[in-house]
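**Q** Under this note's numbering, the first residue of the sequence shown carries the number 2, and numbering increases by one thereafter. Beta carbons are placed, not taken as given, at the ideal position from N, Cα and C, and that holds for glycine.
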Amino acid sequence: SENIRVRSIVGRFLEHHRIFYFRADGADKLYMSSADWMERNFFKRIEVAFPILDTKVKRRVIKEGLRPYLGDNCQAWEMDSDNVYRKKNPRTTRRAAQEILLKELAGVQIV
Numbered sequence: 002s003e004n005i006r007v008r009s010i011v012g013r014f015l016e017h018h019r020i021f022y023f024r025a026d027g028a029d030k031l032y033m034s035s036a037d038w039m040e041r042n043f044f045k046r047i048e049v050a051f052p053i054l055d056t057k058v059k060r061r062v063i064k065e066g067l068r069p070y071l072g073d074n075c076q077a078w079e080m081d082s083d084n085v086y087r088k089k090n091p092r093t094t095r096r097a098a099q100e101i102l103l104k105e106l107a108g109v110q111i112v
């Protein structure tokens, strides 16, 4: 669908977010999940997905857990309509989500 974006980022920590962000009719809905939503896991585990309802927490999750990864143009791969992942290449200023977050956590000023 042209309304759905699937991005994959594999960085030095090999972590992957389980954040689901929906926007419809001006309303934002944000969920987090324990789930590694792969077929092999659906029938052998109990997984939980839950909404983030607190406005302050929602803003923080979007700022720290979603926005840097959506803006990553160094380690990101994006799925196209044929279910093929294509590497996102930096055409503008280099933005690597994990580097940005590590610098922020270390208190380094980011320009």
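1. Using only CA atoms, which one of Ile20, Arg41, Arg13 lies nearest to Ser35?
2. Under three-state DSSP, which class holds Lys57?
3. Starting from Glu79, follow its DSSP beta bridges and name the residues at the other end.
4. Determine the extent of the beta strand (DSSP E) in which Lys104 is found, giving its start and end residues.
5. Name, in chain order, the residues that DSSP records as bridge partners for Pro52.
6. Which residues mark the beginning and the end of the alpha helix (DSSP H) in which Phe43 is found?
7. Which of helix, strand or coil does DSSP assign to Arg24?
8. Looking at the structure shown, is Phe65 part of a helix, part of a strand, or coil, going by DSSP?
9. Would you be able to state if there are at least three C-beta pairs under 8 Å between the region 56-66 and the region 77-89?
**A** By the coordinates alone:
1. If you number the sequence shown from 1, residue 35 lands on position 34. Answer by Cα proximity: Ile20.
2. To locate residue 57, count along the sequence shown from 1; it is residue 56. Lys57 falls in the helix class under three-state DSSP.
3. Translated into the one-based positions of the sequence shown, residue 79 becomes position 78. In DSSP, Glu79 forms a bridge with Arg8, Arg87.
4. Numbered from 1 along the sequence shown, position 103 holds the residue referred to as residue 104. Run containing Lys104: none in the beta strand (DSSP E); it sits in the alpha helix (DSSP H), 98-107.
5. Residue numbering aside, residue 52 sits at position 51 when the sequence shown is read from its first letter. BP columns for Pro52 point to Tyr32.
6. In the sequence shown, counting from the first residue as 1, residue 43 sits at position 42. Unbroken alpha helix (DSSP H) run through Phe43: 40-43.
7. The residue labelled residue 24 in the question sits at position 23 within the sequence shown. Looking at Arg24 - three-state DSSP - the assignment turns out to be strand.
8. In the sequence shown, the residue the question calls residue 65 occupies position 64. Note that residue 65 corresponds to Glu in the displayed sequence, not to Phe. Glu65: helix per DSSP, three-state reduction.
9. no
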